[in-house]
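Here the structure is laid out as structure tokens; the discussion comes afterwards.
2 protein chains.
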Amino acid sequence: MNNRSKRARPRLTEVATLAGVSRMTVTRALHSPHQVADATRRKIQKIANRLGYTPDLTARGLALQRTGLVGAVVPLLTNSLIAEIVQGLSDALQRHDYQLVVGATGFSARAEEVKVRAFLSRRVDAIYLTGITHTVETIRMLRQSGLPCVEGGNLARQPIDMAVGYSSRDAAGKVARYLIERGYAPLGYIGAWPKDNDRARDRRRGFVAACRSAGLSVDDSLCVETDLDLPAGARAMATLLDRRPEVRAVFCSADTLAVGAMFEAQRRHLAIPGDVAIAGFDDLDIAAQIVPALTTLRVPRYEIGRRAGEMICERLAGREVANAVTDVGYEFVARDTA
Amino acid sequence: MNNRSKRARPRLTEVATLAGVSRMTVTRALHSPHQVADATRRKIQKIANRLGYTPDLTARGLALQRTGLVGAVVPLLTNSLIAEIVQGLSDALQRHDYQLVVGATGFSARAEEVKVRAFLSRRVDAIYLTGITHTVETIRMLRQSGLPCVEGGNLARQPIDMAVGYSSRDAAGKVARYLIERGYAPLGYIGAWPKDNDRARDRRRGFVAACRSAGLSVDDSLCVETDLDLPAGARAMATLLDRRPEVRAVFCSADTLAVGAMFEAQRRHLAIPGDVAIAGFDDLDIAAQIVPALTTLRVPRYEIGRRAGEMICERLAGREVANAVTDVGYEFVARDTA
DNA sequence: CGGCACGATGTTACCGGTAACATACCCGAC
DNA sequence: GTCGGGTATGTTACCGGTAACATCGTGCCG
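Protein sequence lines correspond, in order, to chains A and B.
If you read the first sequence in numbering that gives the first Met the number 0, its first letter stands for residue 0, the second for the next number, and so on.
If you read the second sequence in numbering that gives the first Met the number 0, its first letter stands for residue 0, the second for the next number, and so on.
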């Protein structure tokens, strides 16, 4: 049994009573100290400390009609790429005293809608969304709310409000052309499910388009789509190798998949890139470390989060944002697997 | 310029006015429908839908003195082990309509204290902490708040309130004894910084204790401590191999470090486990996939989060929790690297 | 046919802060 | 000595919900 109902959390009123001043004076002492006489302020601060007073941000939020919370909707928390975007966001927001609240969707636009609704009910001051694929209801709610909103990770033609990202399609095309130029053929593709995941969809499209314009045909049996984790990458590689053993290079739409694919190739004693070449996408930590080192495409993930956070802070400070759609670009990284 | 100040979010009052009833009736219609006449309820619901009314949880939280939020303080978001704990927590809480808010500390007890204070100010209904190492002020605040609190990931002798985890020390000892029995010597250790990280500290202790009781000495030059990421694991392995080339097996206090170490060994063309054996800790996805497959120790990470969430829900439902300190155990997984 | 219980709805006050306006006081200038 | 202005503090009302109690019909029973 624990004594939890003992003493309630101290309130502003108690601090005020003990200091012999009105509640408003306490608010001022804590919030805009220069408006309060030195002696009074010191007395109040001492009492607040002694009681362990912490302001109730719920109440403040209600009074000010702003909570200081920003909601971020992301597909997964288990993905280090996403985690870095979140880190960038969090850092940028923290600098302006906003706090981040994160919700995960598992790549479902319906789940995203639910999270957005929940965030709006919590009266967040702004919202970050992953990608540009949303339900109409999500878009309607956000438009109606009038809150600052950034769509991150892909470029939006018609952003709900603002966007920061890069072209997954162009980037994937770049990798594909590299593989084609080096003479690999036929090319295989392993990617995440494109449903409600525009980054994956665009990467596949970019890959296929590049192949087509190089005169290479890419039929469906060369493309495997699957969950976004390492074992799934390995299974997809197994499927692809069983189905089309002649495949000479595989483009994976995420490093996590590429690493799984590499392990599967190693289990089959295939030399990389001698027997089969592999290219990834993201440049996770592991890409530079794995042996052989993974050829991949680096995307400025921390930067995406940071920029998004800054755009949100600008808006919340009442300023206009210059580049409502920001392209942060990408960088091809040639290593040893292709 | 966008028309965000146009129409404010609809409030309860507006729904009430349009429906021609009092605000209280609207609250009832939405919250306990059976208390309201069918016709009235239907009318209210129609109007609420038409307006896109969403209740203000800030205001509700203030009125009810409970926010429906649970705060979780974790060291990192970029770690998939932690992400799974968070997932377990989130799932368990969601089932009872609580929402999770996450904060990261970067393995700093001071940063943890700041997060806890912030959560208390946000009036969360309960708190999850990682590990059992906290500042005295953190402990004092939580005790005084009387909120349900679970410390996860390690077993607490004297929990602040409740705890769920396993003994890192015993588990590390188990791995060490396995390496010793197989005749590897000398043994090296690569671990995360022990500062403010009791799991890392206990793993090192368990490892060293097992070596000692087997009559093996472990001097400091055989132990390398570093950041908890993959490149750091590789660098630590390089350091260890340069310093003590005769090392025959290395225990890594996390799979992330072990994988980095394996890559470093591979770059040096060392056979695993022929030239150097490696054992990890966590059993991440990659452990089973990497070639050769990593010998490691599986900890029920999702289960830790889920149990913690359930304990919190029990408490919040006003029930007593039977096992305030729960040991979820661990499982040694012998694979090919040791 | 009166009284009573119950179901449906309304009224009041409060949760813990804060903006906006009001007040009290002090000091210096004329 | 009075008046104006600035500084320190107090008062009132409100943010958007909800608990607790009050009220008002209405149908059923004796």
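The beta-carbon is built from N, C-alpha and C at its ideal position, and this holds for glycine as well.
Alpha helix (DSSP H) containing residue 119 of chain A: first to last residue?
Within the first sequence, numbered from 1, the residue matching residue 119 of chain A stands at position 120. Element bounds for residue 119 of chain A: 108-120.
Determine, for residue 12 of chain A, whether the minimum Cβ-Cβ distance to residues of chain B falls below 8 Å.
One-based indexing of the first sequence puts residue 12 of chain A at position 13. It does not: the Cβ of residue 12 of chain A has no partner Cβ on chain B nearer than 8 Å.
Residue 55 of chain B versus chain A: which residues are under 8 Å apart at the beta carbon?
Within the second sequence, the letter at position 56 stands for residue 55 of chain B. Chain A residues near residue 55 of chain B: 61, 120, 122.
Can you name, in chain order, every residue of its own chain whose Cβ lies under 7 Å from the Cβ of residue 65 of chain A, other than the five neighbours on each side?
For the purposes of this step, residue 65 of chain A is taken as the residue at position 66 of the first sequence. Contacts found: 124.
Tell me the DSSP secondary structure of residue 280 of chain B in three-state form.
The count along the second sequence starts at 1 and reaches residue 280 of chain B at position 281. Coil at residue 280 of chain B, not helix or strand.
Mind checking which residues open and close the alpha helix (DSSP H) that includes residue 226 of chain A?
Here residue 226 of chain A corresponds to residue number 227 of the first sequence, with the count starting at 1. It is not in any alpha helix (DSSP H) - residue 226 of chain A carries neither H nor E in the DSSP assignment.
Contact set for residue 17 of chain B: own chain, Cβ-Cβ below 8 Å, skip 5 residues either direction
Within the second sequence, the letter at position 18 stands for residue 17 of chain B. These residues qualify, in order along the chain: 46, 50.
Output, in sequence order along the chain, the residues in the segment 277-307 of chain B whose CB is closer than 8 Å to any CB in chain A.
284, 285, 287, 288, 289, 290
Any beta carbon from chain A within less than 8 Å of residue 230 of chain B's own beta carbon?
The residue labelled residue 230 of chain B in the question sits at position 231 within the second sequence. Output row for residue 230 of chain B: interface = yes.
Within 10 angstroms of its Cβ, does residue 23 of chain B collect 16 or more other Cβ (buried), or is it exposed?
Indexing the second sequence from 1 puts residue 23 of chain B at position 24. Exposed, because fewer than 16 other Cβ atoms sit within 10 Å of the Cβ of residue 23 of chain B.
Beta carbon proximity, residue 117 of chain A to chain B, threshold 8 Å
As a position in the first sequence, residue 117 of chain A is number 118, starting the count at 1. Interface residue, yes.
Relative to the C-alpha of residue 186 of chain B, which residue among B:273, B:221, B:103 is closest?
Locating residue 186 of chain B in the second sequence gives position 187, counting from the first residue. The candidate whose alpha carbon is nearest that of residue 186 of chain B is B:221.
Burial state of residue 60 of chain A, where buried means 16 or more other Cβ atoms lie within 10 Å:
Start at 1 with the first residue of the first sequence, and residue 60 of chain A comes out as number 61. Buried.
Can you pull the chain A neighbours of residue 266 of chain B, defined as C-beta to C-beta under 7 Å?
The sequence position of residue 266 of chain B within the second sequence is 267, counting from 1. Correct list: 290.
For residue 114 of chain B, count neighbouring C-beta atoms within 10 Å of its own C-beta (all shown protein chains included) and say buried if the count is 16 or more, exposed if not.
For the purposes of this step, residue 114 of chain B is taken as the residue at position 115 of the second sequence. Label assigned to residue 114 of chain B: buried.
For the segment 84-100 of chain B and the segment 292-302 of chain B, state whether three or more C-beta atom pairs, one from each stretch, are separated by less than 8 Å.
yes
By a C-beta neighbour count over all protein chains shown, 10 Å radius and 16 as the cutoff for buried, is residue 147 of chain A buried or exposed?
As a position in the first sequence, residue 147 of chain A is number 148, starting the count at 1. By the neighbour-count rule (16 or more Cβ atoms within 10 Å), residue 147 of chain A is buried.
Residues near residue 21 of chain B by beta carbon distance below 7 Å, same chain, minus five either side:
As a working note, residue 21 of chain B is residue 22 in the second sequence. Only 15 meet the Cβ criterion.
Could you tell me the alpha carbon to alpha carbon distance between residue 157 of chain A and residue 225 of chain A, rounded to whole angstroms?
Looking up residue 157 of chain A in the first sequence gives position 158. Looking up residue 225 of chain A in the first sequence gives position 226. Using only the alpha carbons, I get a separation of about 29 Å.
From this set, B:36, B:102, B:54, which residue's C-alpha is nearest residue 116 of chain A's C-alpha?
As a position in the first sequence, residue 116 of chain A is number 117, starting the count at 1. If we check each option's Cα against that of residue 116 of chain A, B:54 comes out closest.
So residue 171 of chain A packs on residue 205 of chain A, CB below 8 Å; how close in whole Å?
Counted from its first residue, the first sequence places residue 171 of chain A at position 172. Counted from its first residue, the first sequence places residue 205 of chain A at position 206. Rounded, the Cβ-Cβ distance is 3 Å, consistent with contact.
Extent of the continuous alpha helix (DSSP H) to which residue 98 of chain A belongs:
Taking the first sequence and counting its residues from 1, the one referred to as residue 98 of chain A is at position 99. Here residue 98 of chain A belongs to no alpha helix (DSSP H); instead the beta strand (DSSP E) covers 98-103.
Let me make sure I understand the geometry here. Which of A:168, A:322, A:178 has the alpha-carbon closest to that of residue 213 of chain A?
Working through the first sequence from its first residue, we reach residue 213 of chain A at position 214. Considering only alpha carbons, the answer is A:178.
C-alpha gap between residue 258 of chain B and residue 229 of chain B, whole angstroms:
Within the second sequence, numbered from 1, the residue matching residue 258 of chain B stands at position 259. Within the second sequence, numbered from 1, the residue matching residue 229 of chain B stands at position 230. Each residue's Cα considered, the two are about 7 Å apart.
How many Å lie between residue 339 of chain A and residue 81 of chain A at the Cα?
The structure shown does not extend to residue 339 of chain A, since chain A is modelled only from 0 to 337, so the question has no answer here.
In chain order, what residues of the same chain lie with their CB nearer than 6 Å to the CB of residue 4 of chain B, ignoring the 5 residues before and after it?
The sequence position of residue 4 of chain B within the second sequence is 5, counting from 1. Note on residue 4 of chain B: pLDDT 37, under 50, position unreliable in the model; the coordinate value appears next. Closer than 6 Å at the Cβ level, and outside the excluded window around residue 4 of chain B, lies no residue.
Cβ of residue 98 of chain B less than 8 Å from any chain A Cβ?
Against the second sequence, residue 98 of chain B aligns to sequence position 99. Closer than 8 Å: yes.
For residue 189 of chain B, three-class secondary structure by DSSP
Residue numbering aside, residue 189 of chain B sits at position 190 when the second sequence is read from its first letter. Looking at residue 189 of chain B - three-state DSSP - the assignment turns out to be strand.
Measuring alpha carbon to alpha carbon, tell me which of A:175, A:144, A:330 ends up nearest residue 215 of chain A.
Stepping through the first sequence from its first residue, residue 215 of chain A is reached at position 216. Closest option to residue 215 of chain A, Cα to Cα, is A:175.
State the start and end residues of the unbroken beta strand (DSSP E) segment that holds residue 73 of chain B.
Indexing the second sequence from 1 puts residue 73 of chain B at position 74. Looking at the DSSP string, the run of the beta strand (DSSP E) that includes residue 73 of chain B is 68-73.
Residue 138 of chain A to residue 128 of chain A, Cα distance in whole Å?
Numbered from its first residue, the first sequence carries residue 138 of chain A at position 139. Numbered from its first residue, the first sequence carries residue 128 of chain A at position 129. When rounded, the distance between both Cα atoms is 11 Å.
CB-CB under 6 Å to residue 268 of chain A, same chain, minus the five flanking residues each way: which ones, in chain order?
Counted from its first residue, the first sequence places residue 268 of chain A at position 269. Within the same chain, residue 268 of chain A has no close Cβ partners at all.
Could you tell me which chain B residues have their CB closer than 8 Å to the CB of residue 85 of chain A, listed as they occur along the chain?
By 1-based counting over the first sequence, the position of residue 85 of chain A is 86. Per Cβ cutoff of 8 Å: 76.
Under the three-state reduction of DSSP, which class applies to residue 128 of chain A: helix, strand or coil?
Locating residue 128 of chain A in the first sequence gives position 129, where the first residue counts as 1. If DSSP states are grouped into helix, strand and coil, residue 128 of chain A belongs with the strands.
Quick check: is the beta carbon of residue 275 of chain A nearer than 8 Å to any beta carbon in chain B?
By 1-based counting over the first sequence, the position of residue 275 of chain A is 276. So, not an interface residue.
Leaving out five residues before and five after residue 308 of chain A in sequence, what residues of the same chain have Cβ atoms less than 6 Å from its Cβ?
Translated into the one-based positions of the first sequence, residue 308 of chain A becomes position 309. These residues qualify, in order along the chain: 88, 91, 92.
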